[in-house]
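Inspection log for the structure reproduced underneath, given as structure tokens.
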Amino acid sequence: MPVMPGQGFRAVAGPDNGTVQELQSKFDHDVLHFSHKALGTRSGRGGRGEGHAPACDRSGGKCALCALTRGSWCEEFYRQERVAWKLPPRGSKECPATKWGPCNGVGNCHYDIGVCQCPAGWRGAACDEPNKRPCTNAHKTETDPLDHVESFVAPDGSDLDLTASGWTASRCAGHCDADRATCWCPASTAFGRKPPPPDSPPWVRYSQRGRPIGEGCKPGKVPNAAGELVENDWGHKQMSYVDVMGPNSWCNAKKPAEIPQGVTHQCGGWRGCSVEGLHGPLCDEVSEETCLNQCSGHGECDEGYCRCHPGWYGQDCARKKAGEALEPGLQEVRPWLKDVALTVPAAATEPPAAAAAGAGAGAGGGGADAGGRLRPLIYLYDMPPEFTSRMHQYKFVKYAATWGRMDPDHTSNTAYVPDNYTQSVEWPGVLGGADSTTLYKGHPCYDPAKDLVIPGFKVPEHFKRSPLLGGAPFERDMLLYLRGDVGKHRLPNYSRGIRQKLFSLSTENQWGEKHRIFIGEQYGMPGDYSEHLSRSTFCAVVPGDGYAMRFEDAVLHGCLPLIIMDNTHAVFESIVDIDSFSLRITEAAVNEHLPYVLKAISADQIERMQRRLALVWHRYVYAHGPLLATAMRELSQRNLGNRADDDKDIQPVHSFPHHTDAVATIIQWLHSRIRDTRGAAA
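Encoded structure:
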């Protein structure tokens, strides 16, 4: 019987507190206190802020806000001269229109340039040409015309033949939304997607939204032409069509208990509902969808795309056509927007008040005050929707990522075959017939001199037990930890074989029993994931199908990252001194001696690394904006309220430095890249 992590124990305060307690005190009192007070001196009121030192004066050298950063990019951001505020431009160039209005009523007119910006499902100068992305059972090949669209759906959105061969992520046993290749319960079911009334405007996509069907909800037993259930080669053998469409099924059940066991898990999405704005076990809990600044109250959010109200434009609908009145937004009729929609500095029609500006400047994100704004003034360009919001509208699988590969002749090495970007392809009419690999052969896909590996997004609930959010500190009783897919049912090159090797070594050498090293999958290592990370001294940072967000998991729980991925940068490695709080070993060095390598590191050295980690872990959290700030504050208060009396001598964390979170770090680094955009004479 393998050894389990078991129950964790709270750290107990004492005369020699050691790691966690001192880490908490250092983080809260020395770093947070100084940084917050220092930022108060930049509020635009000219004072010194209650006698505290300025955030970053111009005398040179490192400042507290820039602890453990490589180079001078951080200090340069805070020491820059402010740019005087000026009235933003407002365009008036008209766009092509149809009877439904400019851009067919579905797109937005960019009045600066007179060009329509179309959402998913539309294209053309006036957004009046359908641009389908249907579900399919195969991908097109180099023998197909360039404009060919592969489809396997009937006009009503149903699969042409459920018994036909061919797995793709979009293959749908229900109703396919051919604009976005998303799968829904069909109109014939109780919770089906129903079409709009005849002659509806083009932006009306349905009369009943319906219940989505997750990517994993593919029945392996489906009806043939005679109505008999037969097996196909693209679905789950244990799932029947009746489980999805029958009387007590995903598409007809009113309660989760009515659905066969395991079906809810697959159809609802093992990482949540497959589309924006739907939640809960039956995907019937509705919220507003996520858009940039929630369209500033001047548009409707459609899975990442803002369809702006008449006259408003921009990716966040923050700008208004020249000569038209600036009417109030939706904040009064949708009061929840008051807490989430921010004033956009680049679209403000008057200088922001000094008091509000102090908070904006402190955020490190190009905020403004009475004295002006900090560069970069532009950090989200008006790119066409194909390169921005369209990606959100098309994304119905939410857990994709990329990584910082630096090898010049790199290969994909993915175990997910459709993602094998190094497979040779020659497509007539593309690249003059040259092989697609010529686009990147001989140079890395990531260059640390000009590129940056940024953190993946983690909701605050993901690190709920972390001392970062006021969680009571645990004894770090686990030496090394990795819970996730260890490649038992994957191709050998999954994770470059690293996860498989770690799991095999751990099992064969009884690392759990002998060394408190736990490598395995969730079902074999039950327990709260956040608590496990908070109890671990080292956490393995290894690839998955590509980059996996294990570095973020480690740092956000105060766990020291053990990086095992050759020629690959971890998050912010090029700009933050991660060597001071992490270990890196080569893939070849993973062997039976690994536990002894980790145990050879002294307690004093581990403590120093933990204290350094405490100086920068906030840079790996996305905490900008009222929603995230509120969620973090509520979770922190909940943690503080649950602390036992015997924790009273251990200093809890009361606040989080939002002004130097992941967003601020990216903005600060972008400021350092401005000179590279202006040529040698800049």
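Just so it is clear: in the sequence shown, position 627 is 627 by full-length UniProt numbering, and no numbers are missing. Even glycine gets a Cβ: it sits at the ideal position worked out from N, Cα and C. Since the model is a prediction, treat every value here as computed from it, not as a measurement.
Run of the beta strand (DSSP E) containing residue i, from where it starts to where it stops
{"i": "LYS423", "result": "One point to set straight first is that residue 423 is Gln, not Lys, in the sequence displayed. Looking at the DSSP string, GLN423 is not in any beta strand (DSSP E), and its letter there is neither H nor E."}
{"i": "HIS236", "result": "236-240"}
{"i": "THR537", "result": "536-541"}
{"i": "ASP604", "result": "Looking at the DSSP string, ASP604 is not in any beta strand (DSSP E); the run it does join, the alpha helix (DSSP H), is 603-616."}
{"i": "MET383", "result": "No beta strand (DSSP E) contains MET383, which DSSP labels as neither H nor E."}
{"i": "PRO519", "result": "The residue you asked about is not Pro; residue 519 is Ile in the sequence shown. ILE519 -> beta strand (DSSP E) spans 517-520."}
{"i": "LEU560", "result": "560-563"}
Terminal residues of the alpha helix (DSSP H) in which residue i lies
{"i": "LEU640", "result": "626-641"}
{"i": "PHE551", "result": "550-555"}
{"i": "CYS267", "result": "263-267"}
{"i": "VAL595", "result": "Reading off the sequence shown, one finds Pro at residue 595, where the question assumed Val. It spans 594-599 - the alpha helix (DSSP H) in which PRO595 sits, taken as one unbroken run."}
{"i": "ALA664", "result": "662-672"}
{"i": "MET391", "result": "389-394"}
{"i": "GLN500", "result": "498-508"}
Contacts around residue i, its chain only, beta-carbon distance under 7 angstroms, and the 5 residues preceding and following it disregarded
{"i": "GLY299", "result": "CYS306, ARG307, CYS308, HIS309, TRP312, CYS317"}
{"i": "SER170", "result": "CYS135, THR136, ALA181"}
{"i": "SER158", "result": "HIS175, PRO186"}
{"i": "GLN117", "result": "GLY107, ASN108, HIS110, PRO384, PRO385"}
{"i": "GLY105", "result": "PRO201, PRO202, TRP203"}
{"i": "ARG90", "result": "ARG319, LYS320, LYS321, ALA322"}
Residue burial classification, residue i (beta-carbon count within 10 angstroms, cutoff 16)
{"i": "GLN510", "result": "exposed"}
{"i": "GLY569", "result": "The residue asked about is misnamed: residue 569 is His in this sequence, not Gly. With 16 or more Cβ atoms within 10 Å of its Cβ, HIS569 is classed as buried."}
{"i": "ASP144", "result": "exposed"}
{"i": "PHE457", "result": "exposed"}
{"i": "GLU303", "result": "buried"}
{"i": "PHE387", "result": "exposed"}
{"i": "LYS464", "result": "buried"}
{"i": "PRO247", "result": "exposed"}
{"i": "ALA154", "result": "exposed"}
{"i": "TRP617", "result": "buried"}
{"i": "LYS501", "result": "buried"}
{"i": "THR665", "result": "buried"}
{"i": "TYR596", "result": "exposed"}
{"i": "GLU289", "result": "buried"}
{"i": "GLY121", "result": "buried"}
{"i": "ILE564", "result": "buried"}
{"i": "residue 749", "result": "Given that the chain is displayed from residue 1 to residue 682, the structure contains no residue 749 and the question cannot be resolved."}
{"i": "PHE9", "result": "exposed"}
{"i": "THR141", "result": "exposed"}
{"i": "LEU615", "result": "buried"}
Beta-bridge partners of residue i, as assigned by DSSP
{"i": "ALA117", "result": "It is Gln, not Ala, that sits at residue 117 in the sequence shown. In the DSSP output, where bridge partners are listed per residue, GLN117 has ASN108."}
{"i": "ARG478", "result": "Here residue 478 turns out to be Met, not Arg, going by the sequence shown. For MET478, which the question treats as bridged, DSSP gives the partners SER536."}
{"i": "HIS279", "result": "GLU285"}
{"i": "ASP159", "result": "VAL153"}
{"i": "VAL576", "result": "THR69"}
{"i": "ASP435", "result": "GLU426"}
{"i": "CYS301", "result": "CYS306"}
{"i": "GLU129", "result": "ARG123"}
{"i": "ASP583", "result": "At residue 583 the sequence reads Leu, which differs from the Asp that was named. Bridge partners of LEU583: LEU562."}
{"i": "ARG10", "result": "PHE474"}
{"i": "ARG483", "result": "GLY520"}
Contacts around residue i, its chain only, beta-carbon distance under 8 angstroms, and the 5 residues preceding and following it disregarded
{"i": "SER92", "result": "TYR111, LYS321, ALA322, GLY323"}
{"i": "LEU560", "result": "THR537, PHE538, CYS539, ALA554, PHE581, SER582, LEU583, ILE606, MET609, GLN610, LEU613"}
{"i": "GLY544", "result": "GLY484, ASP485, TYR494, SER495, ARG499"}
{"i": "TYR622", "result": "PRO455, PHE457, LYS458, LEU628, ASP661, ALA662, VAL663"}
{"i": "ILE213", "result": "CYS172, ALA173, GLY174, CYS183, TRP184, CYS185, VAL244, TRP250, CYS251, CYS267, SER274"}
{"i": "THR630", "result": "ASP339"}
{"i": "ALA434", "result": "GLU426"}
{"i": "PRO88", "result": "ARG319, ALA346, ALA347, ALA348, THR349"}
{"i": "PRO119", "result": "VAL106, GLY107, CYS127, ASP302, TYR305, ARG307, PRO385, SER389, ARG390, GLN393"}
Beta-carbon contacts of residue i that lie in its chain and below 6 angstroms, excluding the five residues immediately before and after
{"i": "GLN208", "result": "LYS194"}
{"i": "GLY6", "result": "none"}
{"i": "SER436", "result": "VAL425"}
{"i": "LEU482", "result": "ILE519, ALA540"}
{"i": "ALA125", "result": "PRO96"}
| query | At which residue ranges does the region 70-108 contain complete alpha helix (DSSP H) runs of 4 or more residues, listed in the order of the chain? | reply | 73-79
| said: Please give me, in chain order, every unbroken run of the beta strand (DSSP E) with length at least 3 that falls completely inside the region 166-249. | reply: 175-177, 182-184, 219-223, 229-231, 236-240
| task | Write down every uninterrupted run of the beta strand (DSSP E) in the region 303-361 whose length is 3 residues or greater and which is fully enclosed by it, in chain order. | result | 305-308
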